[in-house]
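Asks: Basically our numbering = 1-based index in the sequence shown + 1005.
This is the structure I want to talk about, given as structure tokens.
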Amino acid sequence: MVKSRASAKFSLFHYPSEWTAFLIMILTSVWASHGQESSTLISDEGAVILRWESDASLFRIQIRRDGQVFFDMEHDKNEIRLNLAPGLYEYRVATLNVFAKEDRSTTWLPLRVSSSKIPHFRLVSPLEIAEGESGKILVVESTKFREDITLLLINGDRRISTEWQKDENLYSILLPDSLEAGRWDLEARDISGKTFMIPEVLTVQSTKSLSIYSLSVTELPPEGTFPVEIVGERFDMDMSLRFESLDEILKVVSTEVFNEKRALVYLDLAGAKPGDYTLIASNPNGVEARSEGALRVEPTGKSRD
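In structure tokens:
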């Protein structure tokens, strides 16, 4: 007689690395009088062990995939060790009488076996596109992806699920047309919850105009190193800045872009020629903004206001 209860139980046991990791599934509510249970087992390249509670001494275990039974075995114990690749299956357990005929059995119940391996991947090449471009493909390579892998593009709080096609170990990811300007990370997530991410696999360049509104200082002496804060709009994190006159370009020591609206540049003005300098800001997509006469280098000896 088979013992049945209101719900099925699942247990995951972790063993030292020198042991074979496996999972045990205890069937306590699988008989036909009860509703079906959907089960997920996480396999870490070890055996999956199916275990059930029953006073019977002989059982029949069947497993099928895509409607085809590939495992059909009589068994005299309350558990059986199986080697199942990750994927979707259905299973059925029956008790057998002394004539090896089925006495009671479960219905076909769904079973999902998943890998708990981290879904590592390699970026074949980073990609840069302009905002609004369509039909672009990002390619990654992996031997760790399973059929249920999810690939997400991430930019801040934005998370976009992607469509992909597989060719051996190469995965071609079709980029959505509506990606916002910025740098996007790619995250692989398998059904077990394991994730792997590569940052900034994709750069979407803004096609909107770049603007410069103001500088924190507009007059400086031709000596020393000075910080100049610049305020504007649509600054790229890799934006370049230069100050030039008709016959002179000021030496930029460093540039730091804090966000799309604020940047800081350090200028080395030692020996700089006095005069008015135009600020030219350039984003990597080729969009430029100019601020004519934005900075004046005063003659030697003139004090700053």
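Beta carbons are placed, not taken as given, at the ideal position from N, Cα and C, and that holds for glycine.
Remember, it's a predicted structure, so these values are computed and weren't measured experimentally.
(1) Considering only DSSP beta bridges, list what residue 1142 is partnered with.
(2) Between residue 1008 and residue 1162, what straight-line distance do the alpha-carbon atoms span, to the nearest angstrom?
(3) Check whether the Cβ atoms of residue 1249 and residue 1282 lie closer than 8 Å to each other.
(4) Do the stretch 1213-1220 and the stretch 1251-1263 make contact, defined as three or more Cβ pairs closer than 8 Å?
(5) Here's the rule I'm using: 16 or more other beta-carbon atoms within 10 Å means buried, otherwise exposed. How should residue 1126 be labelled?
(6) Grouping DSSP H, G and I as helix and E and B as strand, with all else coil, what is residue 1111?
(7) If you reduce the DSSP assignment to three classes, tell me which class residue 1303 lands in.
(8) For the 8 Å Cβ check, are there 3 or more pairs between the stretch 1100-1120 and the stretch 1130-1148?
(9) Which residue marks the beginning of the beta strand (DSSP E) containing residue 1056, and which one marks its end?
(10) Cα-Cα, which of 1256, 1123, 1243 and 1068 is closest to residue 1148?
(11) Quick one, are the C-beta atoms of residue 1184 and residue 1206 less than 8 Å apart?
(12) For residue 1213, which of helix, strand or coil comes out of DSSP?
(13) If you draw a straight line from the C-alpha of residue 1097 to the C-alpha of residue 1155, how long is it?
(14) Give the DSSP bridge partners of residue 1294, in chain order.
(15) Going by DSSP in three states, residue 1086 sits in which element: helix, strand or coil?
(16) Given this structure, state the Cα-to-Cα distance separating residue 1078 from residue 1067, to the nearest angstrom.
(17) Indicate whether residue 1299 and residue 1229 have their beta-carbon atoms separated by less than 8 Å.
(18) Assign residue 1139 to buried or exposed, taking buried as 16 or more other Cβ atoms, counted over all protein chains shown, within 10 Å of its Cβ.
(19) Does residue 1312 come out as helix, strand or coil in the three-state DSSP assignment?
(20) Using 8 Å as the threshold, is the C-beta distance between residue 1087 and residue 1063 below it?
(21) Of the choices 1072, 1269, 1060 and 1083, whose alpha-carbon is the least far from that of residue 1054?
(22) Could you check where the beta strand (DSSP E) with residue 1193 kicks off and where it finishes?
(23) Mind checking who residue 995 pairs with in its DSSP beta bridge?
(24) Is the beta carbon of residue 1244 sitting closer than 8 Å to the one on residue 1287?
(25) Kindly list the residues whose CB is nearer than 6 Å to the CB of residue 1256, restricted to its own chain and excluding five residues on each side of it in sequence; keep chain order.
(26) Going by DSSP, what residues sit across from residue 1080 in a beta bridge?
(27) Using the rule of at least 16 other Cβ atoms within 10 Å of the residue's Cβ for burial, across every protein chain shown, is residue 1233 buried or exposed?
(28) Quick check on this structure: which residue in 1076, 1092, 1091 and 1093 has the alpha carbon closest to the alpha carbon of residue 1085?
(29) Which residues in the same chain have their Cβ closer than 6 Å to the Cβ of residue 1128, if we skip the five residues on either side of it in sequence?
(30) Measuring alpha carbon to alpha carbon, tell me which residue in 1136, 1109 and 1178 is nearest residue 1143.
(31) Apply the 10 Å Cβ neighbour rule to residue 1182 and answer buried if 16 or more other Cβ atoms are within range, or exposed otherwise.
(32) Roughly how many angstroms lie between the CA atoms of residue 1168 and residue 1153, to the nearest whole one?
(33) Tell me which same chain residues have a C-beta within less than 8 Å of the C-beta of residue 1231, skipping the five on either side of it?
Replies: Concretely, from the data shown:
(1) 1179
(2) Low per-residue confidence applies at residue 1008: pLDDT is 34, beneath 50, and the placement is therefore not dependable enough to give any value.
(3) Yes, these two residues count as a Cβ contact at 8 Å.
(4) no
(5) Buried, since its Cβ has 16 or more Cβ neighbours within 10 Å.
(6) In the structure shown, residue 1111 sits in a strand (DSSP, three-state: E or B).
(7) coil
(8) no
(9) From DSSP, the beta strand (DSSP E) with residue 1056 extends over 1053-1057.
(10) It is 1123.
(11) No; because the gap between Cβ atoms is not below 8 Å, this pair is not in contact.
(12) coil
(13) CA-CA distance, residue 1097 to residue 1155, rounds to 30 Å.
(14) 1286
(15) strand
(16) 7 Å
(17) no
(18) exposed
(19) For the chain, the structure presents residues 1006 to 1310; residue 1312 sits outside this window and is missing.
(20) no
(21) Across the set 1072, 1269, 1060 and 1083, the C-alpha of 1083 shows the shortest separation from the C-alpha of residue 1054.
(22) Element bounds for residue 1193: 1187-1194.
(23) Any property of residue 995 remains undetermined from this structure, which presents the chain solely from 1006 to 1310.
(24) yes
(25) 1273
(26) 1064
(27) buried
(28) 1076
(29) 1145, 1203 and 1206
(30) 1178
(31) exposed
(32) The C-alpha of residue 1168 lies about 12 Å from the C-alpha of residue 1153.
(33) 1222, 1225, 1271, 1272 and 1274
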